[in-house]
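Novice:
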Amino acid sequence: MGLKKGKADRQSCTSVSQPEPLRVVVIGGGPAGLATAIGFGNFGHKATVIEKRASPADIGTVDRDRSYPVDVTARGMAALKALEIDEAELRGRGFLHVFRGHAAMDGATGRIARKMPLPGGRTGLIGTRDDVVLAFEHYLKGRKDCDVTLKHETTVVEFDTDRQTVTCSDGYSTPYDLLVGADGKNSPTRAFFAERDTRLLVTPRKGRVGEVRYKTFNLDVAEKLDVLEEGWLYGVGGPPPDNPVVSRTPLFDADLRKVGRGVGIVPVNDAPSDALSSAFALCKSESDRSLLHSKLPKKLLAASTEAERQSFETRCLSDASGGFVASKLYSGHCAFVGDAAVSPAPAGQGVNHALDAAASLVTHFDAVHFDVEHGLEHWNDERMPDEEAYAFLSDANKPLWVQTAVDAAALVGAHRDGPYMKQTEERYRDLTTVHVQLGYIAIPKPPPPKHDDDDLADLQGLAG
3 MGLKKGKADR QSCTSVSQPE PLRVVVIGGG PAGLATAIGF GNFGHKATVI
53 EKRASPADIG TVDRDRSYPV DVTARGMAAL KALEIDEAEL RGRGFLHVFR
103 GHAAMDGATG RIARKMPLPG GRTGLIGTRD DVVLAFEHYL KGRKDCDVTL
153 KHETTVVEFD TDRQTVTCSD GYSTPYDLLV GADGKNSPTR AFFAERDTRL
203 LVTPRKGRVG EVRYKTFNLD VAEKLDVLEE GWLYGVGGPP PDNPVVSRTP
253 LFDADLRKVG RGVGIVPVND APSDALSSAF ALCKSESDRS LLHSKLPKKL
303 LAASTEAERQ SFETRCLSDA SGGFVASKLY SGHCAFVGDA AVSPAPAGQG
353 VNHALDAAAS LVTHFDAVHF DVEHGLEHWN DERMPDEEAY AFLSDANKPL
403 WVQTAVDAAA LVGAHRDGPY MKQTEERYRD LTTVHVQLGY IAIPKPPPPK
453 HDDDDLADLQ GLAG
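Under our numbering, think of the first position of the sequence shown as 3, with each following residue one higher.
Next up, the structure:
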């Protein structure tokens with residue numbers, strides 16, 4: 003609520019001329035929750051984060067069954083700047099690598115066919131999801147002026163909306179002025195408020211185009227990892243999300259020793275439904291080779307251990323299908339950010355979506371001095387078009403020609419300001435114009451319009 007000097011101070015009939023620091027309680031200690039808490043802390047507020055998992059500072063960032071590379075680009079980097087989180091300071095002890103762009107790897111030979119740096123000489127950040135979390139937590143340790151408390155291995159057991167307090171499973175209780183649900187697509191926080199707010203409708207969705215079911219894989223033999231250069235995300239045998247992706251990521255053990263290695267994802271979209279909960283024999287191809295052998299070139303396989311190859315065969319599938327779209331982004335004094343608002347985000351954009359949402363919430367309260375409930379109402383009106391567009395771009399029911407261009411846009415990272423401004427083909431046209439001018443993609447022709455439709459005709463002209 004604008005506690006720092008020099009910030010914009012747009013007044014309204016519901017404004018507060020002398021705002022007090024907010025007591026912010028964030029449920030969920032992932033990228034969305036931590037970015038929100040740090041942002042409010044940087045702007046003079048007091049934030050508490052409640053997270054059910056242990057801190058990666060205690061258990062490390064190595065999780066062989068769920069670690070995969072994520073990158074912060076475009077809107078994610080802009081969000082860090084808006085939250086006054088210094089990128090260099092965030093990288094700290096090497097918890098994240100500088101992200102330079104995408105690379106295409108031949109699926110048979112392992113040869114690097116092409117590198118596609120981020121446009122304009124820009125860079126981002128890359129690591130695993132837990133590397134991002136560890137980087138945020140380490141950043142907090144160095145910021146004595148950022149009042150953020152982290153509570154791990156506990157869950158909320160009671161929301162008292164009258165007294166505005168939350169009580170946790172370990173007995174911890176704290177008051178709040180603003181509550182933030184950043185606890186994922188199955189958000190218990192959102193579910194609690196949806197039961198009590200008839201205007202908060204939560205609609206299930208099938209999920210996004212691309213990988214629905216996948217397995218993670220790990221490349222541990224350091225001397226064989228020369229094929230992977232730090233700072234690049236490699237598409238193996240074709241572009242993601244329908245082909246394997248791999249990157250060399252930092253990764254730290256429980257003693258915070260860097261064990262950097264390669265991690266990646268192999269999509270397994272033809273898996274039977276019963277394979278999700280059991281060890282399965284699906285991983286055999288017609289030539290009786292394992293799925294890992296059939297999907298990765300020998301150069302990459304050489305960096306995997308025999309133990310990892312065996313573990314991969316029986317590793318449970320991760321399921322990225324499903325998700326939810328909320329009809330609004332708040333209820334009472336509670337805001338919903340990241341996957342708690344819209345899930346899943348477009349493939350490869352999960353962390354960027356999370357950071358983007360966090361920055362929009364924090365900077366809105368910094369720019370405009372509202373009481374909390376009116377502030378959330380105004381923020382919802384400003385933010386909802388972006389959330390609807392994130393949902394649109396990840397919708398599995400889009401026409402193929404639209405999805406092809408959207409995927410290409412995400413792959414080259416050329417959407418400097420993000421393609422997520424409207425849920426319309428008009429915004430898609432603007433997005434693809436940028437890429438045509440940059441020479442990155444050739445736009446596929448859309449099907450002919452069934453009626454006179456100026457927008458579709460314009461799209462055809464652009465594609466032609």
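The beta-carbon is built from N, C-alpha and C at its ideal position, and this holds for glycine as well.
From what residue to what residue does the beta strand (DSSP E) around E160 run?
Specialist: Taking the sequence shown and counting its residues from 1, the one referred to as residue 160 is at position 158. Where E160 is concerned, the enclosing beta strand (DSSP E) stretches over V158 to D162.
Novice: So is N220 buried or exposed if we call it buried at 16+ other beta carbons inside 10 Å?
Specialist: For this step, residue 220 is matched to residue 218 along the sequence shown. With 16 or more Cβ atoms within 10 Å of its Cβ, N220 is classed as buried.
Novice: Are three or more beta carbon pairs between the stretch 360-367 and the stretch 314-329 nearer than 8 angstroms?
Specialist: With the cut-off at 8 angstroms, the stretch 360-367 and the stretch 314-329 do not touch.
Novice: Check the DSSP bridge columns for A328 and list the partner residues they point to.
Specialist: For this step, residue 328 is matched to residue 326 along the sequence shown. Looking at the DSSP assignment, A328 forms a beta bridge with V204.
Novice: What does the alpha-carbon distance come out to for the pair V370 and H380?
Specialist: Mapped onto the sequence shown, residue 370 falls at position 368. Mapped onto the sequence shown, residue 380 falls at position 378. Using only the alpha carbons, I get a separation of about 10 angstroms.
Novice: Under 6 angstroms Cβ to Cβ from D179, same chain only, skipping five residues before and after it: list those, please.
Specialist: Residue 179 sits at position 177 when you count from the first residue of the sequence shown. L24, R25 and V374.
Novice: For the putative contact between G352 and V100, defined by C-beta atoms under 8 angstroms, what is the C-beta separation to the nearest angstrom?
Specialist: Stepping through the sequence shown from its first residue, residue 352 is reached at position 350. Stepping through the sequence shown from its first residue, residue 100 is reached at position 98. With 8 angstroms as the limit, G352 and V100 do not qualify as a contact, their Cβ atoms being about 20 angstroms apart.
Novice: Quick one: Cα of S329 to Cα of L203, how far?
Specialist: In the sequence shown, residue 329 corresponds to position 327, counting from 1. In the sequence shown, residue 203 corresponds to position 201, counting from 1. Between S329 and L203, the C-alpha separation is close to 5 angstroms.
Novice: Output the distance between the C-alpha atoms of L302 and K117, rounded to the nearest integer angstrom.
Specialist: Counting from one through the sequence shown, the residue named residue 302 turns up at place 300. Counting from one through the sequence shown, the residue named residue 117 turns up at place 115. Approximately 18 angstroms, taken between the alpha carbons.
Novice: Quick test of your reading: R207 and G325, contact by CB under 8 angstroms. State the CB separation rounded to the nearest angstrom.
Specialist: Here residue 207 corresponds to residue number 205 of the sequence shown, with the count starting at 1. Here residue 325 corresponds to residue number 323 of the sequence shown, with the count starting at 1. At roughly 5 angstroms, the Cβ-Cβ gap stays under 8 angstroms, so R207 and G325 are in contact.
Novice: Which of helix, strand or coil does DSSP assign to L298?
Specialist: Locating residue 298 in the sequence shown gives position 296, counting from the first residue. Coil.
Novice: Check the C-beta distance from G62 over to A256 and give it rounded, since I have them as a contact under 8 angstroms.
Specialist: For the purposes of this step, residue 62 is taken as the residue at position 60 of the sequence shown. For the purposes of this step, residue 256 is taken as the residue at position 254 of the sequence shown. Right, their Cβ atoms sit about 4 angstroms apart.
Novice: When you compare the CB positions of G340 and A76, do they come within less than 9 angstroms of one another, or not?
Specialist: Numbered from 1 along the sequence shown, position 338 holds the residue referred to as residue 340. Numbered from 1 along the sequence shown, position 74 holds the residue referred to as residue 76. No. Outside cutoff.
Novice: Given this structure, state the Cα-to-Cα distance separating R311 from G233, to the nearest angstrom.
Specialist: On the sequence shown, residue 311 is found 309 positions in, with the first residue counted as 1. On the sequence shown, residue 233 is found 231 positions in, with the first residue counted as 1. Their backbone Cα atoms lie some 25 angstroms apart in a straight line.
Novice: Grouping DSSP H, G and I as helix and E and B as strand, with all else coil, what is P71?
Specialist: Working through the sequence shown from its first residue, we reach residue 71 at position 69. Strand.
Novice: Given a cut-off of 9 angstroms on the beta-carbon distance, is the pair D133 and L258 in contact?
Specialist: Here the question's residue 133 lines up with position 131 in the sequence shown. Here the question's residue 258 lines up with position 256 in the sequence shown. Not a contact, by the Cβ cut-off of 9 angstroms.
Novice: Contact criterion: CB-CB distance below 9 angstroms. Does G334 meet it with respect to chain C?
Specialist: No chain C appears in this structure, which consists of one protein chain only.
Novice: Helix, strand or coil: how does DSSP classify P241 here?
Specialist: Along the sequence shown, read from residue 1 onward, the residue named residue 241 stands at position 239. In this structure, P241 counts as coil in the three-state DSSP scheme.
Novice: Only counting the same chain, and skipping five residues up and downstream in sequence, which positions put a Cβ closer than 6 angstroms to that of V223?
Specialist: As a first step, residue 223 is located in the sequence shown; it is residue number 221 there, counting from the start. Cβ within range, chain order: A305.
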